[in-house]
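Numbering (UniProt numbering), first residue to last: 1 to 58.
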């Protein structure tokens with residue numbers, strides 16, 4: 001299990017995006033990785049799962 005975690009960390013350092021144990025496309029540049037993280041952080045579907053009382057209409 002430790003080897004799996006180390007492999008995941010190495011892939012992240014190389015810019016590889018992994019979702020649900022699947023590698024998603026080619027390695028990203030730094031700018032691409034930042035863009036991906038910003039999109040993920042501002043995704044309504046993910047935000048509503050973090051906070052039960054979240055009301056996007058307000």
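All residues carry an ideal CB built from backbone N, CA and C; glycine is no exception.
Hey, how far is the Cα of residue 51 from the Cα of residue 45?
Residue 51 sits at position 51 when you count from the first residue of the chain shown. Residue 45 sits at position 45 when you count from the first residue of the chain shown. Across the structure, residue 51 and residue 45 are spaced so that their CA atoms are roughly 11 Å apart.
Under 6 Å Cβ to Cβ from residue 5, same chain only, skipping five residues before and after it: list those, please.
Residue mapping note: residue 5 aligns to position 5 of the chain shown, counting from 1. None.
For residue 23, write down the residues that DSSP places opposite it in a beta bridge.
In the chain shown, counting from the first residue as 1, residue 23 sits at position 23. In the DSSP assignment, the residues bridged to residue 23 are 18.
Please return the same chain residues whose Cβ sits closer than 7 Å to the Cβ of residue 36, not counting the five positions on each side in sequence.
Within the chain shown, the letter at position 36 stands for residue 36. Taken in chain order, the residues that qualify are 17, 28.
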